[in-house]
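All letters in the sequence shown, in the order written, are residues 1167 to 1300 by this note's numbering.
Cβ atoms here follow ideal geometry from the backbone N, Cα and C, with glycine treated the same way.
Bear in mind that the values here come from a model prediction, so they are computed numbers and not experimental data.
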Amino acid sequence: MTVEDDTLAGYTIAAGAIVLLSPYVTHRHPAVWEAPERFDPDRFAPARAAARPTMAYFPFGGGPRRCIGSGFATLEMQLIVTAVVQRYRLTLVSGACVSPTAGLTLRPSPAVPSWLHPLRGEREHRDEHRDHRA
Ligand code: HEM
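Structure follows, in structure tokens:
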């Protein structure tokens, strides 16, 4: 909530107004992101990230109330994704249509129906577990 009258990008904002920021829109803004809809993890490479305004990307909010768990959450996501893709090849179930649903957080709707194809044989997995128990 704003504490006093202000002008932002030509818009007059009265004191007491509630201003919402949309990560969905900002994270796809073509003025800031090159080919925003393209899957391009390299866009987060340090040199390219440094060329963008700080708040162009704010999944964890910003300022003094920024998410306290951002470092933990980022590390956890990297560990989980790495552990899964080292063991399985994922493919979307044919014909599945995934679309985003806005709520408190943005989620795929209704889900992401996927096949997980083991990258190694079942037998090797069993042997590995037996070795751990030994
Ligand atoms: C992908 C995972 C997560 C996302 C996207 C996320 C996102 C956010 C966002 C957007 C905020 C509000 C920031 C603001 O007001 O500017 C927030 C606050 C907060 N988050 Fe997270 N968060 C995540 C995981 C976590 C985890 C794992 C923890 C704890 C271990 C955590 C603890 C908190 C706390 C305590 C706040 C309130 C901070 C405050 O008001 O001072 N979050 N988070």
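Backbone CA spacing between residue i and residue j [nearest angstrom]
i, j, result
"E1294", "P1266", "38 angstroms"
"T1257", "P1207", "19 angstroms"
"V1259", "P1279", "6 angstroms"
"S1188", "A1222", "11 angstroms"
"A1282", "F1238", "Going by the sequence as given, residue 1282 is Leu instead of Ala. Distance between the alpha carbons of L1282 and F1238: 26 angstroms."
"V1250", "T1173", "48 angstroms"
"R1255", "A1180", "53 angstroms"
"H1298", "V1247", "23 angstroms"
"A1262", "L1245", "27 angstroms"
"I1234", "P1225", "12 angstroms"
"R1218", "V1198", "7 angstroms"
"L1186", "G1227", "12 angstroms"
"P1212", "T1192", "19 angstroms"
"E1200", "I1184", "30 angstroms"
Cross-strand partners of residue i (DSSP beta bridge)
i, result
"L1258", "S1280"
"I1274", "The displayed chain sequence assigns Pro, not Ile, to residue 1274. Looking at the DSSP assignment, P1274 forms a beta bridge with P1266."
"A1177", "Checking the sequence shown, residue 1177 turns out to be Tyr, not Ala. Its beta-bridge partners are L1174."
Neighbourhood of residue i by C-beta, 7 angstroms cutoff - its chain only, sequence neighbours within 5 removed
i, result
"G1182", "M1167, T1168"
"L1272", "Y1190, P1266"
"L1285", "R1253, Y1254, R1255"
Q: Would you mind listing the alpha helix (DSSP H) stretches within the segment 1219–1252 that are 4+ residues and don't spill past its ends, in chain order?
A: Runs of alpha helix (DSSP H) with 4 or more residues, each lying fully within the segment 1219–1252, are absent.
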